[in-house]
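Worksheet: the structure to be examined is printed underneath.
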Amino acid sequence: MLKYLLDTNIVIYTMKNRPQQVRRRFKQHDGQMCISAVTLGELVFGAEH
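Residues in the sequence shown are numbered consecutively from 5, following this note's numbering.
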């Protein structure tokens, strides 16, 4: 069951900085997090520009 909807800022922060405490928390909640279609679109748009 999904419990956490991650926003664009959190996803980008985690991708850029890879903070240990956030990665640990992600592992603890594996399979319980997702991103919205809007966040996916923003990530794709940002990667293309």
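Ideal Cβ placement from N, Cα and C applies to all residues, glycine included. Keep in mind the model is a prediction, meaning the values are calculated, not measured.
Does the distance from the C-beta atom of residue i to that of residue j stay below 7 angstroms?
i     : j      : result
Leu-6 : Gln-32 : no
Looking at the structure shown, is residue i part of a helix, part of a strand, or coil, going by DSSP?
i      : result
Met-37 : strand
Arg-22 : coil
May I ask you to list the residues that DSSP assigns as paired with residue i?
i      : result
Leu-10 : Ile-39
Figure out for me which residue from the options has the closest Cα to the Cα of residue i.
i      : options                        : result
Asn-13 : Glu-52, Gln-24, Ser-40         : Ser-40
Arg-29 : Val-42, Leu-44, Leu-47, Leu-10 : Leu-10
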